[in-house]
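Start counting the sequence shown at 603; every next residue gets the next number (this note's numbering).
Beta carbons are placed, not taken as given, at the ideal position from N, Cα and C, and that holds for glycine.
Bear in mind the structure is a predicted one, so any value in this text is a computation, not a measurement.
In what follows, a structure is listed as structure tokens, so that the remarks can point back to it.
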Amino acid sequence: MPLLDLHHVALRTRDLRASERFYTDVLGMTKVDRPEFDFPGAWLQMGQTMFHLMAGYAAKGPNGESYEGSAAVDHLALKAHDFDAMRENFDRHAVAYRQNDLRDFDIWQLFTNDPDGVVIELNFHRVNEPEGAQGPNRATLSKVSS
């Protein structure tokens, strides 16, 4: 019984609209149909993987408090394409980010946080980037790698 792939990631959110905007407008995921549950939420498609956003009572812990940050999961790492366009999109949406260049692995990275503080790592394989791509800005390049 081999595992095949990641089916979905479920994220609790305090602000469904802000999270929807971040994952669709900033990261480019597509909103898809979702069953009618008794709590607010959204299903988003990214390639073959889905992100399930949960709000309302489903986003609360046993003590009734909202979660924040990545908790036991340190970060979500996503394969991405067109580093320069994504960085421009982050700037256009006033999304804070950190960039990194893993030269030994030919990977450019952008790190940001979603509206609930979950760390999102975007990995761009340099060989798959558009011709003429600039990659990380050397003047603000992070010294930390992941």
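Per DSSP, the bridge partner or partners of residue i
| i | result |
| --- | --- |
| residue 611 | 653 |
| residue 700 | 713 |
| residue 648 | 651 |
| residue 668 | 662 |
| residue 643 | 656 |
Within 8 Å, strictly: CB atoms of residue i and residue j
| i | j | result |
| --- | --- | --- |
| residue 656 | residue 666 | no |
| residue 668 | residue 661 | yes |
| residue 658 | residue 685 | no |
Status (buried if at least 16 other CB within 10 Å, exposed otherwise) for residue i
| i | result |
| --- | --- |
| residue 747 | Only weak support is given to the placement of residue 747: the predicted model assigns it a pLDDT of 38, under 50, and the question is left unresolved by the model. |
| residue 650 | exposed |
| residue 682 | buried |
| residue 629 | buried |
| residue 619 | exposed |
| residue 689 | buried |
| residue 697 | buried |
Contacting residues, own chain, Cβ-Cβ under 8 Å from residue i (five flanking each side not counted)
| i | result |
| --- | --- |
| residue 677 | 713, 720, 721, 722, 723 and 748 |
Other residues of its chain near residue i: CB distance less than 7 Å, five sequence neighbours each side excluded
| i | result |
| --- | --- |
| residue 738 | 701, 702, 703 and 710 |
| residue 732 | 684 |
Extent of the continuous beta strand (DSSP E) to which residue i belongs
| i | result |
| --- | --- |
| residue 723 | 721-727 |
| residue 632 | 632-634 |
Residue range of the unbroken alpha helix (DSSP H) whose run includes residue i
| i | result |
| --- | --- |
| residue 679 | From DSSP, residue 679 is part of no alpha helix (DSSP H) but of the beta strand (DSSP E) over 678-682. |
| residue 693 | 685-694 |
Same chain, Cβ closer than 6 Å to residue i, five either side skipped, listed in chain order
| i | result |
| --- | --- |
| residue 614 | 656, 661 and 669 |
| residue 694 | none |
| residue 654 | 610, 612 and 645 |
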